Amino acid sequence: MAERERGITIDISLWKFETSKYYVTILDAPGHRDLIKNVITGTPQADCAVLIVAAGVGEFEAGISKNGQTREHALLAYTLGVKQLIVGVNKMDSTEPPYSHKRYEEIVKEVSTYIKKIGYNTDTVAFVPVSGWNGDNTLEPMETGVLKPGMVVTFAPVNVATEVKSVEMHHEALSEALPGNNVGFNVKNVSVKDVRRGNVAGDSKNDPPMEAAGFTAQVIILNHPGQISAGYAPVLDCHTAHIACKFAELKEKTDHHSGKKLEDGPKFLKSGEAAIVDMVPGKPVCVESFSDYPPLGRFAVHDIRQTVAVGVIKAVDKNAAGAGKVTKSAQKAQKAK
Numbered sequence: 001m002a003e004r005e006r007g008i009t010i011d012i013s014l015w016k017f018e019t020s021k022y023y024v025t026i027l028d029a030p031g032h033r034d035l036i037k038n039v040i041t042g043t044p045q046a047d048c049a050v051l052i053v054a055a056g057v058g059e060f061e062a063g064i065s066k067n068g069q070t071r072e073h074a075l076l077a078y079t080l081g082v083k084q085l086i087v088g089v090n091k092m093d094s095t096e097p098p099y100s101h102k103r104y105e106e107i108v109k110e111v112s113t114y115i116k117k118i119g120y121n122t123d124t125v126a127f128v129p130v131s132g133w134n135g136d137n138t139l140e141p142m143e144t145g146v147l148k149p150g151m152v153v154t155f156a157p158v159n160v161a162t163e164v165k166s167v168e169m170h171h172e173a174l175s176e177a178l179p180g181n182n183v184g185f186n187v188k189n190v191s192v193k194d195v196r197r198g199n200v201a202g203d204s205k206n207d208p209p210m211e212a213a214g215f216t217a218q219v220i221i222l223n224h225p226g227q228i229s230a231g232y233a234p235v236l237d238c239h240t241a242h243i244a245c246k247f248a249e250l251k252e253k254t255d256h257h258s259g260k261k262l263e264d265g266p267k268f269l270k271s272g273e274a275a276i277v278d279m280v281p282g283k284p285v286c287v288e289s290f291s292d293y294p295p296l297g298r299f300a301v302h303d304i305r306q307t308v309a310v311g312v313i314k315a316v317d318k319n320a321a322g323a324g325k326v327t328k329s330a331q332k333a334q335k336a337k
């Protein structure tokens, strides 16, 4: 069942932005109890945790109760080494009366008491009242790449370039699609056989996507009954691509809290360990480094019908493909410019 219908977040989603002082990567991990493993994979990479507490009647009480999620998440964050904490008091629009200052103060007091017991210094913890529903105290989305009719896009790893004929969202034509939009687009002179699920499309003139010959990744082994050594070939899910991928070389074992190197060239890896590994896909695929394109740079490793590991791609060895298929409309569009 789709988790959006259950009203919860399953995948660990990421977003990046810069301030004048910092590069910030936001990592959104799921809050639901069934998905605590996903929280664990997201949390150890963090410098600071934002603990979201629901202010709604009964919701806060459920979260802060003896076996509640608020307690579990705060404890997890502290145990996994995240020493800085911000508490977002969400759903302030659904308190009685809405935006009740009394309710907010009550929540601050109770959460402070609990996190102090865990080990957090409450003097350094920021509390922020927010309403995700109305957008109070949250930010606007930011623009990066766009998709427009008339643009020439390249599909990787198949290396097909063609012109975008039209872009639509919910059956309405758009003059441009922005990041975060879920759109459909029509392309010219390309048959269904040319492109498939897992392909990546990008601007042909601006860092076009390419096939990855191999890549280096940081992986955390979550759940494997035995040992993983070089040559291990599980299935990798990265964006919508689903492919067999070989652990070609185990380069170094690392501490997954600090990222510090523990050992060069380990012979094997087991559950709970982290490592830098070189990976080689069994079939053509397009992936990118996490720092350049976060959605194309994180993956899950599946074997024996379960998630064995998760990883983040550090560097990609790209196959500079020769001239692939460039459709007539793409040639025309390129000449016109």
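Each residue of the sequence shown is one higher than the one before, starting from 1 at the first, in full-length UniProt numbering.
For glycine and all other residues, C-beta sits at the position ideal for the given N, C-alpha and C.
What you are looking at is a predicted structure, and each value in this text was computed from that prediction instead of being measured.
Spatial distance of Thr25 from Pro295 (CA atoms): In the sequence shown, the residue the question calls residue 25 occupies position 25. In the sequence shown, the residue the question calls residue 295 occupies position 295. Answer to the nearest angstrom: the Cα atoms are 12 Å apart.
Jot down the residue ranges of each uninterrupted beta strand (DSSP E) in the region 189–267, minimum 3 residues, whole runs only, in chain order. 200–203, 211–221, 235–238, 241–254 and 261–264
Would you call Ile304 buried or exposed, if buried means 16 or more other Cβ atoms sit within 10 Å of its Cβ? Working through the sequence shown from its first residue, we reach residue 304 at position 304. Burial call: exposed.
Assuming Glu288 and Ile313 form a contact by the criterion Cβ under 8 Å, report the distance between their Cβ atoms to the nearest whole angstrom. As a first step, residue 288 is located in the sequence shown; it is residue number 288 there, counting from the start. As a first step, residue 313 is located in the sequence shown; it is residue number 313 there, counting from the start. About 7 Å separates the two Cβ atoms, so the contact holds.
Whole-angstrom distance between His224 and Lys260, CA atom to CA atom: As a position in the sequence shown, residue 260 is number 260, starting the count at 1. As a position in the sequence shown, residue 224 is number 224, starting the count at 1. Looking at the two C-alpha atoms, the distance is approximately 23 Å.
Relative to the alpha-carbon of Ala309, which residue among Ala315, Ile228, Asn319 and Gly63 has its alpha-carbon at the smallest distance? Here residue 309 corresponds to residue number 309 of the sequence shown, with the count starting at 1. Taking only the C-alpha atoms, the option nearest Ala309 is Ile228.
So what does DSSP say about Arg71, is it helix, strand or coil? On the sequence shown, position 71 is the one that residue 71 refers to. Arg71: helix per DSSP, three-state reduction.
Mind checking whether Val167 and Lys148 have CB atoms under 8 Å apart? Along the sequence shown, read from residue 1 onward, the residue named residue 167 stands at position 167. Along the sequence shown, read from residue 1 onward, the residue named residue 148 stands at position 148. Contact flag set, yes.
Could you tell me the distance, in whole angstroms, from the CA atom of Gly265 to the CA atom of Ala275? The residue you call residue 265 lines up with position 265 of the sequence shown. The residue you call residue 275 lines up with position 275 of the sequence shown. Cα to Cα, the separation comes out at about 10 Å.
Could you give the C-beta distance for Met92 and Tyr104, rounded to a whole number, given that I count them as a contact under 8 Å? Taking the sequence shown and counting its residues from 1, one reaches residue 92 at position 92. Taking the sequence shown and counting its residues from 1, one reaches residue 104 at position 104. Going by Cβ atoms, the distance from Met92 to Tyr104 rounds to 7 Å, so yes, they are a contact pair.
Any 3 or more C-beta pairs closer than 8 Å across the region 215–224 and the region 175–182: no
Buried versus exposed, by CB contacts within 10 Å (16 or more), Met210: Reading the sequence shown from its first residue, position 210 is the one you call residue 210. By the 10 Å Cβ count, Met210 comes out buried.
First and last residue of the alpha helix (DSSP H) that includes residue 413? Not covered by the structure: residue 413. The range shown for the chain is 1 to 337.
Quick one: measure Cβ to Cβ for Val53 and Glu96, integer angstroms, because I've assumed they're closer than 8 Å. As a first step, residue 53 must be located in the sequence shown, where it is residue number 53. As a first step, residue 96 must be located in the sequence shown, where it is residue number 96. The pair is not a contact, with the Cβ atoms about 17 Å apart (cut-off 8 Å).
Determine the closest residue to Thr162 out of Val183, His171, Val187 and Thr254, with distance taken between C-alpha atoms. In the sequence shown, the residue the question calls residue 162 occupies position 162. Comparing Cα positions, the closest option is Val187.
Inter-residue Cα distance where the pair is Cys48 and Asp207: Here residue 48 refers to the residue found at position 48 of the sequence shown. Here residue 207 refers to the residue found at position 207 of the sequence shown. Using only the alpha carbons, I get a separation of about 32 Å.
Going by the DSSP bridge assignment, what does Tyr23 pair with across the sheet? The residue given as residue 23 occupies position 23 in the sequence shown. Its beta-bridge partners are Glu18.
Taking the alpha carbon of Gly231 as the point to measure from, which residue in Thr240, Asp278 and Ala213 has its own alpha carbon closest? For the purposes of this step, residue 231 is taken as the residue at position 231 of the sequence shown. Gly231 has its Cα closest to that of Asp278, out of Thr240, Asp278 and Ala213.
Would you kindly check if the distance between the Cβ of Ala315 and the Cβ of Phe215 is under 8 Å? One-based indexing of the sequence shown puts residue 215 at position 215. One-based indexing of the sequence shown puts residue 315 at position 315. Against a cut-off of 8 Å, the Cβ pair of Ala315 and Phe215 comes out as a contact.
DSSP state of Asn319 mapped onto helix, strand, coil: To locate residue 319, count along the sequence shown from 1; it is residue 319. When DSSP states are grouped into helix, strand and coil, Asn319 belongs to the strand group.
Per DSSP, Ile276 forms a beta bridge with which residues? For the purposes of this step, residue 276 is taken as residue 276 along the sequence shown, with counting starting at 1. Paired residue(s): Gln218 and Glu252.
Beta-carbon separation (whole angstroms), Leu85 vs Ile115, contact threshold 8 Å: Along the sequence shown, read from residue 1 onward, the residue named residue 85 stands at position 85. Along the sequence shown, read from residue 1 onward, the residue named residue 115 stands at position 115. Rounded, the Cβ-Cβ distance is 7 Å, consistent with contact.
Does the Cβ of Arg33 have 16 or more other Cβ atoms within 10 Å, making it buried, or fewer, making it exposed? Translated into positions along the sequence shown, residue 33 becomes position 33. Its pLDDT being 47, under 50, Arg33 is placed unreliably by the model, and nothing is read from it.
For Ala128 and Lys165, I'd like the C-alpha separation in whole angstroms. Within the sequence shown, numbered from 1, the residue matching residue 128 stands at position 128. Within the sequence shown, numbered from 1, the residue matching residue 165 stands at position 165. Contrary to the premise, residue 128 reads as Val rather than Ala in this sequence. Distance between the alpha carbons of Val128 and Lys165 is about 45 Å.
Where DSSP assigns a beta bridge to Asn90, which residues make up the other side? The residue given as residue 90 occupies position 90 in the sequence shown. The partner list for Asn90 (beta bridge, DSSP) reads Ala54.
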